[in-house]
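Participant: Take the sequence shown: its letter number 4 is residue 4 in the UniProt record's numbering, and every next letter is one higher.
Just so you know, even glycine gets a beta-carbon here, dropped at the ideal spot from N, CA and C.
Take a look at the following structure, please.
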Amino acid sequence: MTVMTAAAIEDFLDEVFPQRAGTIEGVGHMRATMSLAIEDEHLRPGASVSGPTLMGLADVCLYVAILAQIGPEPMAVTSDLHCRFLRRPRGDRDVIANASIVKLGNRLAVGEVQLFSAGDERPVALVTATYVLPDGD
């Protein structure tokens, strides 16, 4: 069951993390989807979307999935992130991120994010990440 809607998460992020990139497309039980409109600043030579752009979107998307489950928590932070680049992300298409939470515990959340060039069913990257959650005391 989600405790925050996509709109509520957007409002929360506007307040605590305004520099994030991407648009929340939806949240659900243990998942979130985001998109990023690709601009010149996201590209590397060869008109490919840069690795830091992909990793940043994946990180935010997993954070959104976690917020949807636990509520507004600014101090849930990334403790580990690993990215596997699978194929060239096209610079002429938006990037779509689909996050799913694999484990949501009292102190840790572990998830994975698949990233796609819009219109392509083959993922361009797979990210796994762990978030540390505050203990609530």
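State the DSSP-derived secondary structure class of A8, mapped to helix, strand or coil.
Facilitator: Of the three classes helix, strand and coil, the one that applies to A8 here is helix, per DSSP.
Participant: Counting only runs of 3+ residues fully inside the stretch 76-133, write out the beta strand (DSSP E) ranges in chain order.
Facilitator: Counting whole runs of 3 or more residues, the stretch 76-133 contains the beta strand (DSSP E) stretches 77-85, 95-104, 108-117 and 123-132.
Participant: Distance check for R84 and P45, CA to CA, integer angstroms please.
Facilitator: Rounded to whole angstroms, P45 to R84 spans 19 Å at the Cα level.
Participant: Tell me where the beta strand (DSSP E) around I24 begins and ends.
Facilitator: Unbroken beta strand (DSSP E) run through I24: T23 to G28.
Participant: Measure the C-alpha to C-alpha separation of S35 and I96 and round it to an integer number of angstroms.
Facilitator: Rounded to the nearest angstrom, the two C-alpha atoms are 4 Å apart.
Participant: How big is the Cα-Cα spacing for Y131 and G91?
Facilitator: Approximately 29 Å, taken between the alpha carbons.
Participant: Does chain C have any CB closer than 8 Å to the CB of A76?
Facilitator: Included in the structure is just one protein chain, with no chain C present.
Participant: Does the beta-carbon distance from V27 to T2 come in below 8 Å?
Facilitator: Yes, the pair counts as a contact, with Cβ atoms nearer than the cut-off.
Participant: Excluding the 5 residues flanking S48 on each side, which residues of the same chain have their C-beta closer than 8 Å to its C-beta?
Facilitator: The answer, listed in chain order, is R88, P89, R90 and G91.
Participant: If I measure Cβ to Cβ from V60 and keep anything under 6 Å in the same chain, skipping five residues before and after, which residues do I get?
Facilitator: So the list reads R20 and G22, once near-sequence residues are dropped.
Participant: Please name the residue, chosen from E15, S50, A8 and T128, that lies closest to D94 on a Cα-to-Cα basis.
Facilitator: The shortest Cα separation from D94 among E15, S50, A8 and T128 belongs to S50.
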